[in-house]
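What follows is a short report on a single structure.
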Amino acid sequence: FPVVSEKEKEDMQLAKKYLQSFYDFKEEKNSLFKTKNLANKIREMQSFFGLEVTGELNPETLDIMKQPRCGIPDVRS
Amino acid sequence: YSTFPLSPRWKKEDVTYRILNYTPDMLQSDVEEAIAKALQLWSSVTPLRFTRLYTGQADIMISFAAGYHGDFYSFDGPGGTLAHAYPPGNGIGGDAHFDEDENWTKFTTYNGYNLFLVAAHELGHSLGLGHSDVFGALMYPIYMAKDTRDYRLPQDDIDGIQALYGPPRESPALPTKAFAPQEPTEMTSAEAPTEVSPREEPTEMTPSKTPTRPEDCDPHLTFDAITTLRGEILFFKGSYVWRKSPYFSDIEHDTISSFWPPLAAGFDAAYEVDRKDRVVFFKDGQYWAVSGYRIEPGFPKPIQNLGFPTSVGKIDAAVHDQITKKTYFFVGNKYWSFNENTQSMERGYPRKIAADFQGIGHTVDAVLQKNGHFYFFHGSNQYEVDIKNKKLIRIMKSNSWFNC
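Residue numbers (the working numbering), protein chains in the order written: chain E, 9 to 85; chain G, 632 to 1035.
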């Protein structure tokens, strides 16, 4: 399998924290749903910001996640 | 726009607020002014009135804190989360918290966050608004440095807050806009609570007339800035844009805020580096880079970043020569040459404009490159210059591009 670079790990960490804070993302225990759940939350965030909805953690999506912002969630459970 | 679940709102029109502490980054009076002006934005479009308390429990308690500060949402150090606020309700409801680890400022520069803008956003939450996905709306979740002079509440935010509270009792005589928080005005320090609402505003202000767009074929028409953009030509004057496109025959009429909501009206200069799909706008001592509608992050920046001496406070015009890959900046009767590859000014500049561009013996409002020629705009005239042969070809009216 391709080795996940340190930077990719950091980016993934940042993304999960962002989605937990603002998109009500909860890390699934069951690995079957893990990836799917994360991809859905990424899609939800991409749709909010008018990005191309891919479900993947691409540079544009990460760029938005790194912008200074308000601490209130964008969506609420 | 959005509201919180079940749309909590204040069930009264008189809402109280209290500033519990201050950031050391700003003068206390500047903090008070930023908060008061932020509240005024909301009171000017609703029946709400805000009264400041100095002791006891107010509906909206405003404080600065870093890291963990007694609620479940600790702050995260510099950057990232700047602030948060709670929807209307008892106790912590309505309260607004600002991250003291940020650098707070009353300006809209690049090295700090403008407290007025962030407070206006957070107080929107304190009144019951959630986030908006409309780029440029005040309730958009991401911080965008904007020109706060003459700041006007975007329509999406007005729609949202009026969905909760309705319009003001009587329509404000003046357009809904905040005063420049930087304008120092004496804040009364009287013990009595101060009220902030448009009805208290001095009535001697005359309604500001929004300037109307000049006619396309007005022979006296002048421009602030002109640039190409992906094969089109954009002509700027005040908040207006004339858009000339090879893709449609008529001249399209727009406003700057319809393309780039956060950008202030009235550019000084603009130019495109086509191979980077990048347009750069200049206003006073700052510049922004955009790609299409998207403003690149990290802007505005000071023009000194490009290599201008501090004696240059603003520039008159700019143009990128797509052939030589050099960008020329025009200031007064001089010009600089900037190397886009090395991102630095070329040696031997500034030089006199008249020395290198025959027939251009005056200041320049705007410059455009088309078909290998430069068009220098000065007042209601433009001067077509053949760069290669350094010859002045002809003089035309500035709006000759509008098929007059």
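Note that beta-carbon positions come from the ideal geometry of N, C-alpha and C, so glycine has one too. In this text the structure is predicted, and so the values were computed from the model without any measurement.
Against Arg77/E, the close residues of chain G are Gly711, Thr712, Leu713, Pro772, Ile773 and Tyr774, in the order they occur along the chain (beta-carbon pairs closer than 8 Å). For the 9 Å CB-CB criterion, Asp947/G and Thr994/G form a contact. Separation of the CB atoms of Pro933/G and Gly944/G is rounded to 11 Å, and the pair is thereby denied contact status at 8 Å.
Not one beta carbon of chain E lies nearer than 9 Å to the beta carbon of Asp788/G. Asp19/E has a beta carbon lying at 9 Å or more from every beta carbon in chain G. Looking at the DSSP output, Arg861/G sits in no beta bridge, so it has no partner there. Each residue's CA atom was taken as its position, placing Arg680/G and Asp726/G some 17 Å apart. Taken through DSSP and simplified to helix, strand or coil, Ser638/G comes out as coil.
Residues of the same chain with a CB within less than 6 Å of the CB of Pro719/G, apart from the 5 flanking positions on each side, are Pro639, Arg640, Trp641, Gly725 and Gly759 in chain order. Residue environment analysis places Gly755/G among the buried positions, since at least 16 neighbouring C-beta atoms fall within 10 angstroms of its C-beta. The stretch 20-30 of chain E and the stretch 739-752 of chain G do not touch, with fewer than 3 CB-CB distances between them shorter than 8 Å. The C-beta distance from Phe898/G to Lys914/G rounds to 6 Å, short enough to meet the 8 Å contact threshold. Following the DSSP letters along the chain, one finds Ile650/G inside the beta strand (DSSP E) bounded by residues Asp645 to Ile650. Not one beta carbon of chain G lies nearer than 9 Å to the beta carbon of Pro67/E. Leu65/E and Asp19/E do touch by the CB rule: their CB atoms are close to 6 Å apart, below 8 Å. Collapsing the DSSP output to three states places Ile887/G in a helix.
Neighbours of Tyr744/G in chain E, taken as residues whose beta carbon is under 9 Å from its own, are Pro76 in chain order. Of the residues assessed, Leu637/G falls on the exposed side of the cut-off, its CB having fewer than 16 other CB atoms within 10 angstroms.
Among the CB atoms of chain E, none fall inside 9 Å of the CB of Phe960/G.
For Ala716/G, the neighbours in chain E by C-beta distance under 9 Å run, in chain order, Cys78, Gly79 and Ile80. Rounded to whole angstroms, the gap between the alpha carbons of Asp690/G and Leu852/G is 52 Å.
Sequence-distant Cβ neighbours of Thr739/G in its own chain, meaning closer than 7 Å and more than five residues away, are Asn745, Ala776, Lys777, Asp778 and Thr779. Assignment of Asn970/G by DSSP, reduced to helix, strand and coil, places it in the strand class. Close CB contacts of Asp82/E within its chain, under the 8 Å cut and outside five residues either way in sequence, are with Phe30, Tyr31, Met53 and Phe56 (chain order). Under the three-state reduction of DSSP, Phe30/E is assigned to helix.
Taking the CA atoms as reference points, Lys1019/G sits about 15 Å from Phe1007/G. Setting aside the 5 residues that flank it on each side, Ala669/G is surrounded in the same chain by Phe747, Ala750, Ala751 and Leu754, each with a C-beta closer than 6 Å to its C-beta; the list follows chain order.
Judged by DSSP secondary structure, Gln793/G falls within the alpha helix (DSSP H) whose first and last residues are Gln786 to Tyr796.
With respect to chain E, the C-beta atom of Asp690/G has no partner C-beta closer than 9 Å. By DSSP's assignment, Tyr1006/G forms a beta bridge with Leu999/G and Glu1015/G. If you draw a straight line from the Cα of Tyr653/G to the Cα of Gln671/G, it is about 20 Å long.
Looking at Asp707/G, Gly1010/G and Trp735/G, the one whose alpha-carbon comes closest to that of Val662/G is Trp735/G.
Against chain G, the beta carbon of Asp71/E has neighbours under 7 Å at Pro928, listed in chain order.
Interface residue (Cβ-Cβ distance to chain E less than 9 Å): His762/G is classified as such. Around Phe56/E, the beta-carbon contacts reaching into chain G at under 7 Å are Asp764.
Around the beta carbon of Pro893/G, 16 or more other beta carbons sit within 10 angstroms, so the residue counts as buried.
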